[in-house]
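Here's the structure we're looking at; comments come further down.
Numbering (my numbering), first residue to last: 1206 to 1280.
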């Protein structure tokens, strides 16, 4: 994926309600540590269930982006 095609995570503040994407694979990013979870949601017997999974590859990419040195220091 090129730099222009990076996945954008919506800005969510502490205590905000979110509406996950209707398809499987809703991605959530932690604002503190940039850990990415893929969330699957379903309704079974009238109860909402969710299944979180870590996305190690997306987490590594997000953390590289956060820790990147300023462009004037890059060679």
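Just so it is clear, CB atoms sit at the ideal spot from N, CA and C, and this is done for glycine as well.
Fair warning: this is a prediction, and the values are worked out from it, not measured in the lab.
For residue 1267, count neighbouring C-beta atoms within 10 Å of its own C-beta (all shown protein chains included) and say buried if the count is 16 or more, exposed if not.
With 16 or more other Cβ atoms within 10 Å, it is buried.
Contact check, residue 1252 vs residue 1243 under 8 Å by CB: the rounded distance?
Not confirmed; about 21 Å, so no contact.
If I follow the unbroken alpha helix (DSSP H) through residue 1234, where does it start and stop?
It is not in any alpha helix (DSSP H) - residue 1234 instead sits in the beta strand (DSSP E) that spans 1231-1234.
DSSP on residue 1248, reduced to helix/strand/coil?
Strand.
Cβ of residue 1219 within 8 Å of Cβ of residue 1241?
No.
Using three-state DSSP, classify residue 1243 as helix, strand or coil.
Residue 1243: strand per DSSP, three-state reduction.
Thinking residue 1271 and residue 1239 are a contact (beta carbons under 8 Å), I'd like their distance in whole angstroms, please.
Indeed, because the Cβ distance is near 5 Å, the residues count as touching under 8 Å.
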